[in-house]
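Position 55 of the sequence shown, counted from 1, bears residue number 56 in the working numbering, the numbering being contiguous throughout. The structure appears below as C-alpha cells.
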Amino acid sequence: MQAVKSGVGGIADAALNDAPDDQADDEADEQGDGKTTLLPDRQIVMTLFSGSLCPLCHRVRITLAEKEIEFNTVPVDGARPPGDLSEINPYNSVPTLVDRDIVIYDSRTILDYLEERFPHPPLMPIDPMRRARLRLGMYHIETDWYPQLKKAQSSNRKVAGKAKKVLEEALLSQVSIFQSSRYFLNDEFSLLDCSLASILWRLPPLNITYASNRRLRPVWQYAKRIFERPSFRMSLTEAEADLAPR
Ligand SMILES: N[C@@H](CCC(=O)N[C@@H](CS)C(=O)NCC(=O)O)C(=O)O
2 MQAVKSGVGG IADAALNDAP DDQADDEADE QGDGKTTLLP DRQIVMTLFS
52 GSLCPLCHRV RITLAEKEIE FNTVPVDGAR PPGDLSEINP YNSVPTLVDR
102 DIVIYDSRTI LDYLEERFPH PPLMPIDPMR RARLRLGMYH IETDWYPQLK
152 KAQSSNRKVA GKAKKVLEEA LLSQVSIFQS SRYFLNDEFS LLDCSLASIL
202 WRLPPLNITY ASNRRLRPVW QYAKRIFERP SFRMSLTEAE ADLAPR
C-alpha cells in the first residue's frame, strides 16, 4: 500500500484532508497520522502519481482542477520513484493516473481520457476542424516546447542558454496568435491552454521574462488570464507556487 495525499491536488491538499466524510482520511486517523492516508485497496477516487515540479504533471493537475475532479496525489521524487509505480507503469514515469481498474500514463493520454470521462466543462471544441487545430497546437508543444523547456532547465549552461533562446524566439513567432483570441487558438479555455500554462509558468525563473519585454506583452496578457484562474492557483504544488514572480 502506498502513502498518498488526499484532496483535489496541489496546495489545496492540506485543507481538504480535514473533510470529515473522507473514508481514506478515516483510515489515516486510525493510524494516528492526520495528514497522510493509505491508498485503499479499492479506490474511490482517482490517484495521480505526480512530480512536484514536473510540467507534464502540472498540465494534468490544471485539467483535473478545471473539471473539479477529486483525486489523491502520490508525490513522486524523480530520483527515487516508489516501487508501486514501476509495478503499474512499465515506463516508471509521471504523471500516472489510476482510475479504479485502469492505469493511464503519458500526460497526453491522460488529458484525452479526462476529457472523455468528464466532458463537462468541455476543454476541447466540438467542431472537428477546430479540434484538429488545437490538437496540432498540442503536438507542437509536445514535440518542440516541452523538450526545449527541459533543456533550458539543464545544468549545462551552453545547452540551457541555447534552449532559452529557442523558447524566446518561439514565443516571439507566436505573438500574433497570442493576441488574436482570448485563449490560444480558441475563444474558450482548452487542453492546449493547460499545456501552455505549465510551460509559461516556468519561464520567468529561467530569465525568460516575457512580462517585462514589450514585444512579448501579448504573451504576458494571455499568461495572466490563465494564472489568475482559480483552477490554476489550485493546481500548483508548493514547489511550483514558489516559482511565482516576486
Ligand atoms: N510522454 C510522457 C513523458 C513523461 C516523462 O518524461 N516524465 C518525466 C518527469 S517530467 C519522468 O517521469 N521521468 C522519469 C522517468 O521517465 O523515469 C508524458 O507525457 O507523460
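Yeah, the Cβ is synthetic: ideal placement off N, Cα and C, and Gly gets one too.
CA-to-CA distance, Y184 to P122, given in whole angstroms: Near 16 Å, if we compare the C-alpha coordinates of Y184 and P122.
message: When you measure from the CB of S94 to every non-hydrogen atom of ligand 1, does any distance come out below 7 Å?
response: Yes.
query: Among residues of its own chain, excluding the 5 on either side of F233, which ones have a beta-carbon nearer than 7 Å to its beta-carbon?
result: The residues are I63, A198, I227.
- prompt: If we ignore side chains and look at the alpha-carbon of each, how far apart do V75 and I89 end up?
  reply: Those two C-alpha atoms are separated by around 13 Å.
message: Tell me which residue opens and which closes the alpha helix (DSSP H) that V104 is part of.
response: From DSSP, V104 is part of no alpha helix (DSSP H) but of the beta strand (DSSP E) over 103 to 106.
field: Cβ contact check for the stretch 161 to 176 and the stretch 203 to 223: 3 or more pairs under 8 Å
entry: A contact exists between the stretch 161 to 176 and the stretch 203 to 223.
task: Could you please give me the residues that DSSP links to Y184 through a beta bridge?
output: According to DSSP, Y184 bridges with N187.
query: In terms of residues, what are the limits of the beta strand (DSSP E) holding S174?
result: Per DSSP, S174 lies in no beta strand (DSSP E); the unbroken alpha helix (DSSP H) holding it starts and ends at 158 to 174.
task: Return the bridge partner residues of M47 from the DSSP annotation.
output: Checking the DSSP bridge columns, you'll see M47 partnered with F72.
- prompt: Which same chain residues, not among the five before or five after A164, have their C-beta less than 6 Å away from its C-beta?
  reply: The residues are Q149, K152, A153.
query: Exposed or buried, which one is I209 when buried takes at least 16 other CB atoms within 10 Å?
result: Buried is the label assigned to I209, since at least 16 other Cβ atoms lie within 10 Å of its Cβ.
message: Rounding to the nearest angstrom, what Cα-Cα distance links V95 and G138 in this structure?
response: Computed Cα separation, rounded: 22 Å.
task: Report all residues from its chain with a CB closer than 8 Å to the CB of S155; omit the five preceding and five following residues, and keep chain order.
output: For S155, same chain residues with a beta-carbon under 8 Å away, outside a window of 5 residues either side, are A161, A164 in chain order.
field: Counterpart residues of V99 in DSSP-defined beta bridges
entry: Note: V99 sits in a beta bridge opposite T48, V104.
query: Taking Cβ to Cβ, would you say A124 is nearer than 8 Å to S191?
result: One detail in the question is off: residue 124 reads as Leu in this sequence, not Ala. In this structure, S191 lies closer than 8 Å to L124 by Cβ.
message: Once DSSP output is grouped into helix, strand and coil, what is the label at V61?
response: DSSP places V61 in helix when its eight states are reduced to three.
For P126 and L135, believed in contact at Cβ under 8 Å, the rounded distance: At roughly 7 Å, the Cβ-Cβ gap stays under 8 Å, so L135 and P126 are in contact.
message: Tell me whether C55, by its Cβ, gets closer than 7 Å to a heavy atom of ligand 1.
response: Between ligand 1 and C55, a heavy atom-to-CB distance of less than 7 Å is present.
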